[in-house]
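This report concerns only the one structure given below.
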Amino acid sequence: MNTPACQYRKSPRGWKTYVVGAAVVAALLASTACEPGTSGGSDETKPSDRPSATNSAKPGETASPKPGGTSGNTGGNGGSSTIAACTADDLAVSAVKEPADSKEARHLLITVQNAGAEKCNLYHYPLVQLGADAQTTVPVIKDSNPDPGTPVTLAPGKEAHAALLVSGGARDEYEAKSITLRLQGSKPGSRASKPMDVPMPVNTLYADDGQLVTYWTTASGFALDFIMSK
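When we follow the numbering used here, the leftmost residue of the sequence shown carries the number 7, and every step to the right adds one.
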């Protein structure tokens, strides 16, 4: 005998009350879940509609540099320009006692000024000879290089300095009536100019084998600090 899926009975007030069997509810739910086109939630996205990480860049594409990027500045005359080494024809040179009222001319400040129309580079330190009979150039104070490996770039009208210790209280003193200076090239020890005669600050210098010179710098006080205590 088949039992009806649903049955009813009259309520005391005359309303029909329906009682749905548990089996019928389960059957209805299973039927609804299997119907085509039915989703589990209104905010769920189909797999084909989901964003993909690979959609942000096409295969084979690479990042491009930002506009305006440069590979470096080689002197401010356009990124690819090269600044030439200073020569004797580019520079005006002078030498003064330090301090100016000193009775002895033991400490000198050598100054060069770019008298040309273009920038030029000063390398390392000046190759100085005191006196016409000097056999060697004045030794350099190695610690006086403010920026090792980098030349001093002189724009037109600008100056650079090197401090010169004429006598360090050592032996073999001799009289020097001239100062000769040569400029170096980018390679240490190379000579980039013909000899330059530096005007004498006094008639005669009393030099010895304790003489020293500093590297080129645009700060005169920095250079003098290395010799004034000697």
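For each residue, glycine too, the CB sits at the ideal point set by N, CA and C. Because the structure is a prediction, the values reported are computed rather than measured.
Item to check | DSSP bridge partner residues for Glu-165 (one or two, in chain order) | outcome: Gln-119
Item to check | Where Ala-101 sits in the DSSP three-state scheme | outcome: strand
Item to check | Rounded straight-line distance, which links the Cα of Gly-122 to that of Tyr-221 | outcome: 22 Å
Next on the checklist: Tell me the rounded alpha-carbon separation between Pro-145 and Arg-188.
Outcome noted: 14 Å
Checklist entry - On the three-state DSSP scale, how would you describe Ala-229? => result helix
Next on the checklist: Suppose you measure from the CA of Ser-102 to the CA of Ser-226; what does that come to, to the nearest Å?
Outcome noted: Checking the sequence, you will find Val at residue 102 rather than Ser. Spanning the two alpha carbons is a distance of roughly 12 Å.
Checklist entry - Of all the options Pro-132, Gln-190 and Tyr-180, which has the alpha carbon lying nearest to the alpha carbon of Ala-229? => result Pro-132
Item to check | Residues of its chain near Gly-20, where Cβ-Cβ distance is below 6 Å and the 5 sequence neighbours each way are ignored | outcome: Unreliable placement is indicated for Gly-20, whose pLDDT of 41 sits below 50; the coordinate value is still reported in the next sentence. So the list is empty, once near-sequence residues are dropped.
Item to check | Local conformation of Asp-178 per DSSP, three classes | outcome: coil
Next on the checklist: Please state the DSSP three-state secondary structure of Asp-149.
Outcome noted: helix
Item to check | Minimum C-alpha distance to Cys-92 - residue among Asp-231, Val-158 and Ile-185 | outcome: Val-158
Item to check | Asn-127: first and last residue of the uninterrupted beta strand (DSSP E) it sits in | outcome: 126-136
Next on the checklist: With DSSP as the reference, identify every bridge partner of Ala-213, one or two as the case may be.
Outcome noted: Tyr-180
Next on the checklist: Among the candidates Ile-116, Ala-98, Ala-111 and Asp-95, whose CA atom is the shortest distance from the CA of Gly-174?
Outcome noted: Ala-111
Checklist entry - What three-state label does DSSP hand Gln-141 in the structure shown? => result coil
Checklist entry - Run through DSSP, which three-state label would Ile-89 get? => result coil
Checklist entry - Taking C-alpha atoms, which residue in Ala-198, Thr-210, Ser-199 and Asn-120 lies nearest to His-167? => result Asn-120
Next on the checklist: Strictly under 8 Å for the Cβ-Cβ distance: is Ala-90 near chain C by that measure?
Outcome noted: Looking for chain C here will not work: only one protein chain is present.
Checklist entry - Just reading off the beta strand (DSSP E) that Arg-188 is part of, what are its end residues? => result 185-190
Item to check | For Met-234: DSSP bridge partner residues | outcome: According to DSSP, Met-234 bridges with nothing at all.
Checklist entry - Using DSSP with H/G/I as helix, E/B as strand and the rest coil, what is Asp-49? => result Only weak support is given to the placement of Asp-49: the predicted model assigns it a pLDDT of 41, under 50, and the value that follows is read from those uncertain coordinates. Note: Asp-49 maps to coil in three-state DSSP.
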